[in-house]
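Here is the structure we will look at, set down as structure tokens.
Protein chains: 2
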Amino acid sequence: MSDPSAERHVLVLAGGRGERLWPWSRPERPKQLLPLAGGGRTLLAATLERALALAQPEQIVVLTARDLVAATRRECPAGVRVLGEPVARNTAAAIGAIAHLIGGERTLAVMPADHLIEDRAAFRRDLEYAFAQAAREQTLVTLGIKPTSPETNLGYIRRGAPVTDRVYRVAGFKEKPDRARAEEFLRTGEYRWNAGIFVWRARVFLDALEAHRPLLARGLGTLRGVKAADFEGALERVFPDLESISVDYAVLERAPNVLMVEASFDWDDLGSWSAWARRQPHDPRGNVVVGNVVPIECDECVLVGEGRATTAALGLKRMIVVHSDGDTLVCPLDGSDRVRQVSEAARARGRGDGR
Amino acid sequence: MSDPSAERHVLVLAGGRGERLWPWSRPERPKQLLPLAGGGRTLLAATLERALALAQPEQIVVLTARDLVAATRRECPAGVRVLGEPVARNTAAAIGAIAHLIGGERTLAVMPADHLIEDRAAFRRDLEYAFAQAAREQTLVTLGIKPTSPETNLGYIRRGAPVTDRVYRVAGFKEKPDRARAEEFLRTGEYRWNAGIFVWRARVFLDALEAHRPLLARGLGTLRGVKAADFEGALERVFPDLESISVDYAVLERAPNVLMVEASFDWDDLGSWSAWARRQPHDPRGNVVVGNVVPIECDECVLVGEGRATTAALGLKRMIVVHSDGDTLVCPLDGSDRVRQVSEAARARGRGDGR
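Chains as they are written, first to last, in the numbering used here: chain P, 75 to 429; chain H, 75 to 429.
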């Protein structure tokens with residue numbers, strides 16, 4: 075370890091609580107733990123395969139909720155470290171904590187555990203390139219995905235002045251636009267999806283946090299120099315009092331030294347039933363039918379049954395019907411962005427988690 | 075028993091297999107065994123209460139499928155006889171068999187077990203009146219219900235020449251008209267719903283069967299004189315070879331001596347989810363919500379959940395969502411007449427019965 079900046083670390087953020095694919099995903103079985111990556115693999119397992127192309131297992135940390143540590147660990151190869159957060163405090167605190175754990179000059183790639191990326195070679199190439207940018211400059215690097223549809227559920231990055239091949243300054247971030255603006259973003263060609271994939275040196279990130287969110291930086295400061303063995307205990311003491319804010323709001327939207335690397339890999343956040351369904355085989359009437367379903371005269375529907383229970387759909391058009399673990403969701407196909415409301419309501423009624 | 079014609083018998087037809095309220099009703103728990111009659115009573119129990127106002131328990135026979143005998147007996151007061159059919163052979167064979175059991179000059183009222191009638195006093199009055207017509211004349215008496223909506227799922231009786239107060243000759247039967255014809259039927263004021271409630275002397279019915287369906291009459295003939303104790307065994311031998319045909323097609327549409335008594339009682343066959351829902355309390359947005367349902371921005375929906383399972387409906391309009399015994403039905407409110415297709419399809423796949 076003569077040159078710590080050459081040492082690459084990966085932080086996999088696996089704290090999602092699985093609200094948008096309810097009732098398939100659930101607080102105790104969030105999206106990253108569902109076998110959505112093809113070949114029966116979970117999204118988390120596939121994410122770790124990609125991470126292992128970038129770093130040694132011992133340099134990979136998976137951060138999740140404490141009650142998901144055991145289930146998360148089952149998806150991780152030997153050597154990968156799984157840490158449980160005592161409470162959820164969003165991405166700025168999570169990344170800041172791990173920046174302290176790995177230490178100053180080392181470079182850290184951050185990636186969500188629950189996205190689908192199939193072109194592993196392109197992912198590796200792009201991340202290598204991002205590592206190189208982050209090592210060379212005092213910069214925060216974010217990956218930008220070329221949008222393929224006017225999604226209203228994602229954050230967009232506006233491309234600024236070009237710096238070098240496929241690298242741009244960032245002209246701004248736009249969180250979840252309405253449909254008209256999303257279509258405009260697509261037309262201009264200047265916007266990229268924010269996939270939550272970042273690369274930076276630990277010190278550069280902590281400096282930016284200090285500059286733009288000093289209170290949060292101070293709260294995290296007590297984690298500096300804590301030994302790895304004591305780290306989870308330290309999180310326990312420190313986390314509850316930290317501000318809960320995304321890294322985009324806390325740092326990226328404010329810092330002047332953010333660069334965007336244009337990604338060449340495919341990407342899907344599978345962030346809704348309709349997003350999931352787009353990737354599934356369709357029957358001649360445009361339905362996605364999975365499991366024990368009786369579809370009669372249905373068109374362009376997403377119909378998911380389970381086990382021996384019969385899920386019958388009669389005369390439906392552009393509807394989603396999902397039955398999983400005894401619970402049932404019915405909504406229009408175009409309303410699948412709002413499924414989070416359902417899982418929140420189900421949870422508020424003391425259901426939906428851990429029956 | 076000096077005047078056997080004064081002796082009144084009641085046959086309750088309880089052979090329905092529960093297809094139209096699937097998945098609540100099922101082959102092993104058909105509509106007549108569901109607590110739909112108010113006060114937690116089954117429709118069958120309420121039917122028997124009405125029958126007991128007309129006849130002694132010992133003069134009441136309930137005919138059902140053999141596998142439903144035990145469940146049916148639980149709903150019956152002491153003294154009422156429950157008989158199981160070895161196979162279903164529709165109403166003509168069922169009524170003919172029981173006509174042989176009770177014998178020639180006695181009068182028999184026939185009524186389905188799975189209809190909702192709330193005005194018991196009016197029902198009793200009307201049936202007394204029908205008994206009087208049937209005793210006096212060589213006639214087959216059918217009850218006609220004044221229609222309140224253009225149902226396409228029911229049979230209609232066209233009123234003919236008046237005979238006496240509220241008694242008419244029958245000008246014809248019309249089975250399940252399309253919407254336009256049903257509306258026309260309502261407009262003319264000349265049509266009544268066929269509720270499947272009949273009164274006649276056993277001999278008069280058997281004579282009519284002999285005249286219009288001689289083969290079926292002959293098949294049933296071996297039941298003549300069979301002792302009550304041996305009757306179920308005789309059904310076993312005779313039933314499988316009998317023609318399966320409704321009493322309407324076999325006799326009523328052909329016989330010249332049919333009279334219609336206009337009913338003054340309320341009547342509902344609860345023959346679909348939308349029919350059931352019309353009688354339930356509605357929320358301010360017009361939804362019927364029963365059980366563990368999370369309705370979010372729904373209008374004019376029928377939403378039925380069950381137990382601890384969450385049934386979530388998001389942004390639906392005029393839809394039916396029913397979750398019962400693990401199975402789920404989703405269809406438009408206006409499509410509830412077609413639910414039978416679903417239960418048939420579910421059964422054809424070896425599901426839906428007796429899991």
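Yeah, the Cβ is synthetic: ideal placement off N, Cα and C, and Gly gets one too.
Touch test, the region 284-300 of chain P against the region 247-266 of chain P, Cβ-Cβ under 8 Å, three pairs minimum:
No: fewer than three Cβ pairs fall under 8 Å.
How would you write the range of the alpha helix (DSSP H) that A127(P) sits in, first residue to last?
Counting from 1 along the first sequence, the entry for residue 127(P) is found at position 53. Boundaries for A127(P): no alpha helix (DSSP H) harbours it, and the DSSP string shows neither H nor E there.
Can you grab the Cα-Cα spacing for the pair R91(H) / E102(H), in whole Å?
Counted from its first residue, the second sequence places residue 91(H) at position 17. Counted from its first residue, the second sequence places residue 102(H) at position 28. In a straight line, the C-alpha of R91(H) is about 7 Å away from that of E102(H).
Going by C-alpha distance, which of P314(P), T138(P), G379(P) is nearest G293(P)?
Walking along the first sequence from the start, residue 293(P) turns up at place 219. When C-alpha distances from G293(P) are compared across P314(P), T138(P), G379(P), the shortest belongs to P314(P).
Would you say T216(H) and N331(H) are within 7 Å of each other, going by their C-beta atoms?
Residue mapping note: residue 216(H) aligns to position 142 of the second sequence, counting from 1. Residue mapping note: residue 331(H) aligns to position 257 of the second sequence, counting from 1. Result no, Cβ atoms of T216(H) and N331(H) do not sit closer than 7 Å.
Would you call G428(H) buried or exposed, if buried means 16 or more other Cβ atoms sit within 10 Å of its Cβ?
In the second sequence, the residue the question calls residue 428(H) occupies position 354. Caution is warranted here: a pLDDT of 37 is assigned to G428(H), below 50, making its placement in the model unreliable, and no coordinate value can be reported.
Taking Cβ-Cβ distances shorter than 7 Å, what residues in chain P pair up with A420(H)?
Taking the second sequence and counting its residues from 1, the one referred to as residue 420(H) is at position 346. Per Cβ cutoff of 7 Å: V368, T384, A386.
For a contact defined as C-beta to C-beta under 7 Å, what are the partners of L407(H) on chain P?
Counted from its first residue, the second sequence places residue 407(H) at position 333. Contacts between L407(H) and chain P, judged by CB atoms closer than 7 Å, are missing: the closest CB pair is about 11 Å apart.
Buried versus exposed, by CB contacts within 10 Å (16 or more), R382(P)
Counting from one through the first sequence, the residue named residue 382(P) turns up at place 308. The residue in question, R382(P), is exposed, as its Cβ has fewer than 16 Cβ neighbours within 10 Å.
Measuring CB atoms only, is the region 239-251 of chain H touching the region 181-196 of chain H, in the sense that at least three cross pairs come out at less than 8 Å?
Three or more beta-carbon pairs separated by less than 8 Å are not found between the region 239-251 of chain H and the region 181-196 of chain H, which leaves the two stretches without contact.
In angstroms with no decimal places, state the Cα-to-Cα distance between G426(H) and H397(P).
For the purposes of this step, residue 426(H) is taken as residue 352 along the second sequence, with counting starting at 1. For the purposes of this step, residue 397(P) is taken as residue 323 along the first sequence, with counting starting at 1. Note on G426(H): pLDDT 41, under 50, position unreliable in the model; no value is reported.
Just the chain P side, please: which residues come within less than 9 Å of T402(H) by C-beta, in chain order?
Numbered from 1 along the second sequence, position 328 holds the residue referred to as residue 402(H). Simply G379, A383, T384, T385, A386, A387, V395, H397, T402, V404.
From the beta carbon of V416(P), is the nearest beta carbon of chain H less than 7 Å away?
The residue labelled residue 416(P) in the question sits at position 342 within the first sequence. Answer yes: the Cβ-Cβ gap between V416(P) and chain H drops below 7 Å somewhere.
Own chain residues within Cβ distance below 6 Å of D343(P), not counting five before or after
Here residue 343(P) refers to the residue found at position 269 when the first sequence is read from its first residue. Around D343(P), the same chain offers H189 as residues with beta carbons nearer than 6 Å, after the five sequence neighbours per side are excluded.
Can you tell me which of T181(P), L228(P), I231(P) puts its alpha carbon nearest to the alpha carbon of Q207(P)?
By one-based count along the first sequence, residue 207(P) stands at place 133. Ranking T181(P), L228(P), I231(P) by Cα distance to Q207(P) puts T181(P) first.
Could you tell me the distance, in whole angstroms, from the CA atom of F305(P) to the CA atom of R163(P)?
The residue you call residue 305(P) lines up with position 231 of the first sequence. The residue you call residue 163(P) lines up with position 89 of the first sequence. Within the model, the alpha-carbon separation for F305(P) versus R163(P) is close to 16 Å.
For a minimum of 4 consecutive residues, which ranges assigned as the alpha helix (DSSP H) are wholly contained in the region 293-376 of chain P?
Fully enclosed alpha helix (DSSP H) runs of 4 or longer: 305-312, 347-352.
Chain H residues whose Cβ lies nearer than 8 Å to that of L390(P):
On the first sequence, residue 390(P) is found 316 positions in, with the first residue counted as 1. Annotation: Cβ neighbours of L390(P) in chain H (cutoff 8 Å, chain order): V404, C405, P406.
Beta-carbon within less than 6 Å of G234(H)'s beta-carbon, same chain only, minus the 5 sequence neighbours each way: which residues are those?
Counted from its first residue, the second sequence places residue 234(H) at position 160. These residues qualify, in order along the chain: Y242, R243, V244, A245.
Does the region 151-168 of chain P touch the region 117-134 of chain P, meaning 3 or more C-beta pairs lie closer than 8 Å?
Touching, yes, given that three or more Cβ pairs across the two stretches are closer than 8 Å.
Coil, strand or helix - I169(H) by DSSP:
Residue mapping note: residue 169(H) aligns to position 95 of the second sequence, counting from 1. For I169(H), the three-state secondary structure derived from DSSP is helix.
Whose Cβ in chain P lies nearer than 8 Å to the Cβ of V413(H)?
On the second sequence, residue 413(H) is found 339 positions in, with the first residue counted as 1. L388, listed in chain order.
Since A269(H) is in the beta strand (DSSP E), which residue starts that stretch and which ends it?
Translated into positions along the second sequence, residue 269(H) becomes position 195. In the DSSP assignment, A269(H) falls within the unbroken beta strand (DSSP E) covering 265-275.
Which term fits H174(P), buried or exposed, when burial requires 16 or more other beta carbons within 10 angstroms of its beta carbon?
For this step, residue 174(P) is matched to residue 100 along the first sequence. When all chains shown are included, H174(P) counts as buried.
Once you ignore the five residues that flank V363(P) on each side, which residues in its own chain have a CB closer than 7 Å to its CB?
By one-based count along the first sequence, residue 363(P) stands at place 289. Closer than 7 Å at Cβ, skipping near neighbours: D357, P369, L377.
With hydrogens ignored, establish whether the beta-carbon of G178(H) is closer than 6 Å to any heavy atom of the ligand ADP.
Of the ligands one can find in the structure shown there are none, so the ligand ADP has no counterpart to examine.
Reducing DSSP to helix, strand and coil, say where E81(H) ends up.
Translated into positions along the second sequence, residue 81(H) becomes position 7. Correct three-state label for E81(H): coil.
What first and last residue would you give for the alpha helix (DSSP H) that runs through D141(P)?
In the first sequence, residue 141(P) corresponds to position 67, counting from 1. D141(P) -> no alpha helix (DSSP H), and no H or E assigned at all.
In angstroms with no decimal places, state the Cα-to-Cα distance between A209(P) and F272(P).
Residue 209(P) sits at position 135 when you count from the first residue of the first sequence. Residue 272(P) sits at position 198 when you count from the first residue of the first sequence. Near 13 Å, if we compare the C-alpha coordinates of F272(P) and A209(P).
Is V404(P) closer than 7 Å to A120(H) when the C-beta atoms are compared?
For the purposes of this step, residue 120(H) is identified with residue 46 of the second sequence, where counting begins at 1. For the purposes of this step, residue 404(P) is identified with residue 330 of the first sequence, where counting begins at 1. At a Cβ-Cβ threshold of 7 Å, A120(H) and V404(P) do not count as neighbours.
D411(P) to L228(P) span [Cα, whole Å]
One-based indexing of the first sequence puts residue 411(P) at position 337. One-based indexing of the first sequence puts residue 228(P) at position 154. Roughly 11 Å between the two C-alpha positions.
Terminal residues of the continuous alpha helix (DSSP H) containing A387(P)?
By one-based count along the first sequence, residue 387(P) stands at place 313. Not the alpha helix (DSSP H): A387(P) falls in the beta strand (DSSP E), residues 385-388.
Pop quiz: D399(H) and P97(H) are said to be a contact at Cβ under 8 Å. What is the actual Cβ separation, rounded to whole angstroms?
If you number the second sequence from 1, residue 399(H) lands on position 325. If you number the second sequence from 1, residue 97(H) lands on position 23. Indeed they touch by this definition, with Cβ atoms about 6 Å apart.
Identify the residues that DSSP records as bridge partners of C405(P): which are they?
Taking the first residue of the first sequence as position 1, residue 405(P) is located at position 331. Per DSSP, I394(P).
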